[in-house]
Structures are given as structure tokens and as C-alpha cells.
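Participant: Going left to right, the sequence shown walks through residues 31 to 285 as my numbering numbers them.
Using N, Cα and C, we set each Cβ at its ideal position, and we do this for glycine too.
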Amino acid sequence: MRGLWIGLILPWVIFAMDGERVYEQKCASCHQRYIPAETLMKNFMEQNNRLLHLKAPTINQLAYRLKQRIGDPKGDKEIQLMEVTSFIHDYILEPDRAKSICVPEVLAHFETMPSLKGKIRDEEIEAVSEWIYFYMPPTKEAKVLKFIDFKEAKALAKVQKKIIMVEVTRPTCHYCIKMERTTLSDPEVVSAIMKDFIPVRVDVSQESLPDDLEWRMTPTFLFIDYDGTLIKSIPGAWMKEDFLKILEEVKGDAW
Numbered sequence: 031m032r033g034l035w036i037g038l039i040l041p042w043v044i045f046a047m048d049g050e051r052v053y054e055q056k057c058a059s060c061h062q063r064y065i066p067a068e069t070l071m072k073n074f075m076e077q078n079n080r081l082l083h084l085k086a087p088t089i090n091q092l093a094y095r096l097k098q099r100i101g102d103p104k105g106d107k108e109i110q111l112m113e114v115t116s117f118i119h120d121y122i123l124e125p126d127r128a129k130s131i132c133v134p135e136v137l138a139h140f141e142t143m144p145s146l147k148g149k150i151r152d153e154e155i156e157a158v159s160e161w162i163y164f165y166m167p168p169t170k171e172a173k174v175l176k177f178i179d180f181k182e183a184k185a186l187a188k189v190q191k192k193i194i195m196v197e198v199t200r201p202t203c204h205y206c207i208k209m210e211r212t213t214l215s216d217p218e219v220v221s222a223i224m225k226d227f228i229p230v231r232v233d234v235s236q237e238s239l240p241d242d243l244e245w246r247m248t249p250t251f252l253f254i255d256y257d258g259t260l261i262k263s264i265p266g267a268w269m270k271e272d273f274l275k276i277l278e279e280v281k282g283d284a285w
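#1: Can you find the residues in the same chain that come closer than 6 Å, C-beta to C-beta, to E278, ignoring five residues on each side of it along the sequence?
#2: Indicate whether T142 and P125 have their beta-carbon atoms separated by less than 8 Å.
#3: Where do the ends of the alpha helix (DSSP H) carrying I178 lie?
#4: Which of helix, strand or coil does DSSP assign to V133?
#5: If I261 and I193 are in contact, beta carbons under 8 Å, what's the gap, nearest whole angstrom?
#6: Do we get a CB-CB distance below 8 Å when we pair Y64 with the residues of chain E?
#7: Check D216 in the structure and name its three-state DSSP category.
#8: My guess is that V219 and L274 are in contact by the Cβ rule of under 8 Å, so how many angstroms apart are they, rounded?
#9: To the nearest angstrom, report how far apart T88 and C203 are at their CA atoms.
#10: Could you give the residue range of the beta strand (DSSP E) that holds S238?
#11: Taking just the CA atoms, how far does K72 sit from F180?
#12: When you compare each of V234, L70, S235, V280 to V133 by their alpha carbons, which one comes out closest?
#13: Tell me where the alpha helix (DSSP H) around I155 begins and ends.
#14: In the DSSP assignment, find the alpha helix (DSSP H) that holds D283 and state where it starts and stops.
#15: With DSSP as the reference, label S263 as helix, strand or coil.
#16: Mapping DSSP to helix, strand and coil, what is E210?
#17: Am I right that E135 and M75 are in contact with their C-beta atoms under 8 Å? What's the rounded C-beta distance?
#18: Go ahead and pull the three-state DSSP assignment for T250.
#19: Would you mind sorting L34 into buried or exposed? The rule is 16 or more other CB atoms within 10 Å of its CB.
#20: Run through DSSP, which three-state label would R95 get?
#21: What's the C-alpha gap between I155 and T115?
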């Protein structure tokens, strides 16, 4: 079974660098890449699309809706990615408004897309589907850390070859709260983490650490390679400059 998963994952890794190129060549003329959610809400709910005059959903809209509507949002992310790829393949070759994942209030502003049958190859569909599924907002827009589920982080790490950073915390931990309000909210730290790491936050008062990971105090930061190997376990709260050095050391150990 492990060999099967490796076989399924490898094609996505190969195409990971090409998905954005496919988007630019085949999709960008209609689908804008990123617009903040609050701006989209104002455009559709208050301005009847007169603010942005969008012709189709943005990529950040699609990424969110696909993960909510296709497959099990709380299930295995690799399986969901396959389901999303299958959905996109079917939709862009045989478009049908009845199959749309857009909310009706948004869909009402769009025409049905033209079929791409004969204009896009299967491998291009796989590549752009993966790119959309794992799409993240531009780093410059990330003012706060975006923590995701550990299962999703594992799937994303395999494709993007990033390091998973697990923050072990609990609500009664004074030093956890202090670090989250200072170091982990600093724009330079946020940018460094979002560039090379995938952040996961685990409240150990509510749930156990996954994959038999261990901790002795909070906060603790566990850094895990994309292949599942624990790189480092760093206990304690840290000031900005010290934590930036830790991030650089972890990258050095991993790469």
C-alpha cells in the first residue's frame, strides 16, 4: 500500500512546478489569482460585481470551495486531492452550471465557462488542480500565521517540500500566549515561516500530538521534514531574533 501511495504522489511532485504555468497559460485570462475575502464579499454581496467586474471565481475562492465541497473536508488530504482533480477534469471539459461549487449569489454573476476539451492535456489538468488545491495567499498578504490541520500539512509538505512546524501549546500557558502575541505575530517571523514552513498548532489540553510525537513543556516547537522525519524539538518561548536563528538552523539541518 505504501508503494501505491508513493506511485500516486510522485506525478504530483513532478508537476508541482508546472501548475502555476498552466494557470497562467490556460486560466489567468478569466480567473484572477488572489483577492482578499473581505473585498470579494463587498464586491458580490454589496456591489453586484460592479466593484471588481470578475468574469470567474478567483483562485483563492476556488481553493476554499473545492476543499469544502469535494470529498471529505476532514478526511485524508491525498484522497481529497485526487477527488478534486477528478472534479476539475470533468468540469473544465464538460462545463455545467449545475455542477458548480460556487454559492448561488456568486455564480449568478458569471457565464458558464467554455469547454477546454482539446485545448488542455490531462497532465496539465493534474498539475493545475494540485496548484489550486494547495494555493496559499501571497506571503506579503499574510499578516498572521495561517495554521492548518496536521493531515493537510503532511500532504502539502510532500508536494511543496516544506518543513512542518508544530507549535505545542495550551490556553493556560503564559509563555505560549506571550510568544504568540509577540514573536509569532511579528511580520518578519510570519514571512519567514510562511515562506519555508507549514505551521500547525496543537492545543494539548484538547488533543494528543499526532504520529506519536512527544513534548515535555509548552510551548514546544517540533520541526518535521516532508518525509515525516523529526528534525528538531525546540522547547521554550523565544524572542524574535533568536527564533529567526532557530528557523535558519532547522532549514540547514533539513537541507
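Facilitator: To lay it out plainly:
#1: Stepping through the sequence shown from its first residue, residue 278 is reached at position 248. Here the set comprises nothing.
#2: Position 112 of the sequence shown, counting from 1, holds the residue named residue 142. Position 95 of the sequence shown, counting from 1, holds the residue named residue 125. Yes, these two residues count as a Cβ contact at 8 Å.
#3: As a first step, residue 178 must be located in the sequence shown, where it is residue number 148. That residue, I178, is in no alpha helix (DSSP H); it is neither H nor E in DSSP.
#4: As a working note, residue 133 is residue 103 in the sequence shown. V133 falls in the coil class under three-state DSSP.
#5: For the purposes of this step, residue 261 is identified with residue 231 of the sequence shown, where counting begins at 1. For the purposes of this step, residue 193 is identified with residue 163 of the sequence shown, where counting begins at 1. About 7 Å; that satisfies the 8 Å criterion.
#6: Judged by its chain identifiers, the structure shown contains no chain E, having just a single protein chain.
#7: As a first step, residue 216 must be located in the sequence shown, where it is residue number 186. If DSSP states are grouped into helix, strand and coil, D216 belongs with coil.
#8: For the purposes of this step, residue 219 is identified with residue 189 of the sequence shown, where counting begins at 1. For the purposes of this step, residue 274 is identified with residue 244 of the sequence shown, where counting begins at 1. The pair is a contact, with the Cβ atoms about 6 Å apart (cut-off 8 Å).
#9: Position 58 of the sequence shown holds residue 88. Position 173 of the sequence shown holds residue 203. In a straight line, the C-alpha of T88 is about 39 Å away from that of C203.
#10: Locating residue 238 in the sequence shown gives position 208, counting from the first residue. Careful: S238 lies outside any beta strand (DSSP E) and carries neither H nor E.
#11: In the sequence shown, residue 180 corresponds to position 150, counting from 1. In the sequence shown, residue 72 corresponds to position 42, counting from 1. Distance between the alpha carbons of F180 and K72: 32 Å.
#12: Numbered from 1 along the sequence shown, position 103 holds the residue referred to as residue 133. Nearest C-alpha to V133: L70.
#13: Along the sequence shown, read from residue 1 onward, the residue named residue 155 stands at position 125. Unbroken alpha helix (DSSP H) run through I155: 152 to 163.
#14: As a position in the sequence shown, residue 283 is number 253, starting the count at 1. First-last of the alpha helix (DSSP H) with D283: 270 to 284.
#15: On the sequence shown, residue 263 is found 233 positions in, with the first residue counted as 1. If DSSP states are grouped into helix, strand and coil, S263 belongs with the strands.
#16: Within the sequence shown, residue 210 is the residue found at index 180, counting from 1. Three-state DSSP puts E210 in a helix.
#17: Mapped onto the sequence shown, residue 135 falls at position 105. Mapped onto the sequence shown, residue 75 falls at position 45. That belief holds up - the Cβ atoms of E135 and M75 are roughly 7 Å apart, short of 8 Å.
#18: Residue 250 sits at position 220 when you count from the first residue of the sequence shown. T250: strand per DSSP, three-state reduction.
#19: By 1-based counting over the sequence shown, the position of residue 34 is 4. Because the pLDDT of L34 is 36, which lies under 50, any placement of that residue in the model is unreliable, and the question is left without a value.
#20: For the purposes of this step, residue 95 is taken as residue 65 along the sequence shown, with counting starting at 1. If DSSP states are grouped into helix, strand and coil, R95 belongs with the helices.
#21: The residue you call residue 155 lines up with position 125 of the sequence shown. The residue you call residue 115 lines up with position 85 of the sequence shown. Cα to Cα, I155 sits roughly 7 Å from T115.
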